[in-house]
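Taken in order, the sequence shown gives residues -18 to 111; the numbers are from the numbering used here.
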Amino acid sequence: MSESAKQVHPVDEILPLSKLFSYGLQHVLAMYAGAVAVPIILANALGLSTPDLIRLINADLFACGIATLIQTIGIGPVGARIPMIQGVTFASVAPMIIIGTEHGLPAVYGAIIVAGIFTFFIAPYFSRLI
C-alpha cells in the first residue's frame, strides 16, 4: 500500500485524550447553560417552588441526555449517528407558560408528550421538504 493511502485526513484523526476531555467539557458546559435556562424561565413564570424547579431541571437534563444518546448512537432508522448534543428549544417557552398558567404543570407535560409523538411521526415527511 502506498504512503498516501495510509494517511488520515486531519478531520478524521483521533485527538489526544487531554484535548478530547477539554473539548468535551467545554461542549457540555455550553450545553448545560442553554438546557437549564428553559426550566428556570418556566418555573419563574409559573411561580413554582424551588423543589419543583429542581425536579424540572432534572427532568430536562435527563431528557436531553436520552435524546443525545439516541441521536449519537442511533436506534434503527432514528438518530443522526454523529456526536451532537440535543438541547431544549426556546420556541416552546411561550406556549408552555400559557398552558401552565391556564391548566397547570401536568398539562404542560402532557402537551410536550403529545407534541413529541407528533413530531416523531411527521419528521420523516418533513425532512423530505428540506
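Using N, Cα and C, we set each Cβ at its ideal position, and we do this for glycine too.
- [ ] Compare the Cα-Cα distances from Gln67 to each of Asp(-7), Val17, Lys(-13), Tyr4 and report the closest residue.
- [x] Val17
Open item on the list: Please state the DSSP three-state secondary structure of Ile56.
Closed with: strand
Task: Gly91 - DSSP class collapsed to helix/strand/coil - done: helix
TODO: Could you round the C-beta distance between Ile80 and Ala92 to whole angstroms and report it? I think they count as a contact, below 8 Å.
DONE: 5 Å
- [ ] Specify the secondary structure class of Leu50 as computed by DSSP and reduced to three states.
- [x] helix
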